[in-house]
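Residue numbers (full-length UniProt numbering): 1 to 369.
Ideal Cβ placement from N, Cα and C applies to all residues, glycine included.
None of the values given here were measured: they were computed from a predicted structure.
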Amino acid sequence: MHLYVHIPFCHRICPYCAFFKHTPASTDMKLFIRALAREAEFRAAALSASRGGETSTLYFGGGTPSMLSDTHLGNLMESLDRLIPVDSLDEFSFEANPATFTEKKVRFWRSLGMNRVSLGVQSLDARILRLLGREHTPEQALRSVEMLHNAGMPHVNMDLMFAIPGQSLSVWENTLREAVRAGTDHISAYNLTYEEDTEFFRSLSRGEKIQDPDEDAAYFELAENILEAAGMRHYETSNYAREGARSPHNMAYWKGEDYVGIGPGAVSTIDGVRYSNTRNTETYIRTTLENGLPESEWEPVTAEDYRLERIALMLRTDEGLPLKYLLPEALPLLERYRSLELADVSAEQCLILKGRGRLLVDAIAAELC
Ligand code: SF4
Numbered sequence: 001m002h003l004y005v006h007i008p009f010c011h012r013i014c015p016y017c018a019f020f021k022h023t024p025a026s027t028d029m030k031l032f033i034r035a036l037a038r039e040a041e042f043r044a045a046a047l048s049a050s051r052g053g054e055t056s057t058l059y060f061g062g063g064t065p066s067m068l069s070d071t072h073l074g075n076l077m078e079s080l081d082r083l084i085p086v087d088s089l090d091e092f093s094f095e096a097n098p099a100t101f102t103e104k105k106v107r108f109w110r111s112l113g114m115n116r117v118s119l120g121v122q123s124l125d126a127r128i129l130r131l132l133g134r135e136h137t138p139e140q141a142l143r144s145v146e147m148l149h150n151a152g153m154p155h156v157n158m159d160l161m162f163a164i165p166g167q168s169l170s171v172w173e174n175t176l177r178e179a180v181r182a183g184t185d186h187i188s189a190y191n192l193t194y195e196e197d198t199e200f201f202r203s204l205s206r207g208e209k210i211q212d213p214d215e216d217a218a219y220f221e222l223a224e225n226i227l228e229a230a231g232m233r234h235y236e237t238s239n240y241a242r243e244g245a246r247s248p249h250n251m252a253y254w255k256g257e258d259y260v261g262i263g264p265g266a267v268s269t270i271d272g273v274r275y276s277n278t279r280n281t282e283t284y285i286r287t288t289l290e291n292g293l294p295e296s297e298w299e300p301v302t303a304e305d306y307r308l309e310r311i312a313l314m315l316r317t318d319e320g321l322p323l324k325y326l327l328p329e330a331l332p333l334l335e336r337y338r339s340l341e342l343a344d345v346s347a348e349q350c351l352i353l354k355g356r357g358r359l360l361v362d363a364i365a366a367e368l369c
């Protein structure tokens with residue numbers, strides 16, 4: 001089974017971010033934690049009955065989970081401990097922002113069973129960090145990695161971003177090389193996307209920023225060259241890992257296993273139904289504490305929806321897309337991809353993209369649907 005916990009709070013809102021998040025303002029944290037525990041309890045039956053595959057994972061995302069005080073996190077984990085096997089999880093991940101925690105705090109996280117921290121670093125260049133509206137400096141980001149390693153955190157991910165206006169290939173190269181030197185065992189390298197309702201999207205619409213797909217491809221290829229040469233495996237379009245450091249939680253999403261999401265804005269998929277919790281934290285707290293479940297919407301995930309999602313997500317992985325998800329009329333395309341050296345079919349009957357094919361993943365997925 002897989003459990004996702006959404007902590008929607010951030011000290012400051014980054015101008016490119018489209019996640020559901022806000023400043024804590026006057027949120028009553030004690031009530032918020034109580035509501036999360038209540039929702040988890042209510043969904044416990046689904047949690048234990050859901051088709052979760054062979055792994056069990058717990059993932060705190062946001063927002064900024066590292067803003068939670070030890071007391072609040074400790075109380076929540078006491079409740080979750082009764083519902084999921086915290087001692088034997090394959091992954092217990094926590095998203096954190098650099099410079100928002102101490103080594104002592106990391107030791108507390110370890111005592112809870114946490115085995116992976118994902119750091120929102122984005123860049124190791126001071127000018128780019130300012131442009132992104134980030135609060136930390138490159139030095140603080142590197143110091144945070146060091147602290148996590150010193151406190152014995154087994155797995156550390158760094159989120160990095162490319163194709164940022166004003167970034168050059170040489171700035172991106174320096175960030176990648178510094179990240180490799182820092183020694184994290186996982187790196188997520190994302191192309192900046194301009195999501196609606198963000199400051200960046202508005203300035204793109206006003207013509208103050210421009211997008212160039214050819215340039216994006218150069219950033220993508222540079223990341224692949226540097227990170228693979230450093231011994232990391234490019235196991236998903238945006239993800240690189242050392243041996244044993246892949247994220248089972250994310251792999252469960254890509255493979256289409258059921259998962260439960262708790263918290264405002266969280267999504268669950270259980271037995272062919274997708275539930276989306278209210279994106280209003282006050283409403284979330286009130287309705288969950290009154291009724292046991294938050295206000296949420298639901299929609300069926302049909303067999304066709306499921307098939308299309310697998311094409312979009314599994315094609316991005318190095319395990320590839322099982323051919324069983326393709327309709328007969330799409331099969332002739334495989335020969336074309338093979339002859340253009342964009343993809344191979346594995347012995348396990350999966351379509352695996354390679355070379356330029358990895359860059360064209362979205363176009364190929366659209367063609368195969
Ligand atoms: S990018 Fe991260 S820190 Fe910035 S607003 Fe979004 S969730 Fe918060």
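Residue side-chain check: G62 places its Cβ nearer than 7 Å to a non-hydrogen atom of the ligand SF4. Rounded to the nearest angstrom, the Cβ distance from G63 to H2 is 19 Å, too far for a contact under 8 Å. The beta carbon of K209 sits closer than 6 Å to those of P165 and S203, all from its chain and outside the five residues before and after it, given in chain order.
In the three-state DSSP reduction, D344 falls in the strand class (E or B). A contact is defined here as three or more CB-CB pairs under 8 Å, and the segment 102 to 122 meets this definition with respect to the segment 59 to 75. A Cβ-Cβ contact shorter than 8 Å links L192 with Y16. Our two residues, R246 and A35, have alpha carbons roughly 31 Å apart in a direct line.
Following the DSSP letters along the chain, one finds Y4 inside the beta strand (DSSP E) bounded by residues H2 to I7.
A163 is the residue among K255, A18 and A163 whose C-alpha sits nearest the C-alpha of A218. Taking a cut-off of 8 Å for Cβ pairs, the segment 353 to 360 and the segment 330 to 344 touch, as three or more such pairs fall below it.
With respect to the C-alpha of R206, the residue from E215, D216 and Y194 having the closest C-alpha is Y194. Under the criterion of beta carbons closer than 8 Å, S66 and T100 qualify as touching, at roughly 5 Å.
Within the same chain, and ignoring the five residues on either side of C10 in sequence, the residues whose Cβ sits closer than 6 Å to its Cβ are K21, G63 and T64.
The secondary-structure analysis by DSSP pairs H234 across a beta bridge with Y240. Between E39 and T288, the C-beta spacing is below 8 Å. At a threshold of 7 Å, I84 does not count as near the ligand SF4, since its beta carbon sits no closer than that to any of the ligand's heavy atoms. Rounded to whole angstroms, the gap between the alpha carbons of A189 and L58 is 22 Å.
Here the alpha carbon of L131 sits roughly 37 Å from the alpha carbon of R286.
DSSP places Y253 in the uninterrupted alpha helix (DSSP H) bounded by P248 to K255. Under the Cβ criterion (8 Å, minimum of three pairs), the segment 173 to 185 does not count as touching the segment 264 to 271. Between H234 and Y240, the C-beta gap is smaller than 8 Å, which places the two residues in contact. For Y337, no beta strand (DSSP E) run applies; the uninterrupted alpha helix (DSSP H) run containing it begins and ends at P332 to S339, by DSSP.
Under the DSSP assignment, S144 falls outside any beta strand (DSSP E), being part of the alpha helix (DSSP H) whose first and last residues are P138 to N150.
Around the beta carbon of L327, fewer than 16 other beta carbons sit within 10 angstroms, so the residue counts as exposed. For A126, same chain residues with a beta-carbon under 7 Å away, outside a window of 5 residues either side, are T137 and P138 in chain order. Inter-residue distance for E295 and R279 is about 9 Å (C-alpha atoms, whole angstroms). Bridge partners of I262 according to DSSP: V5.
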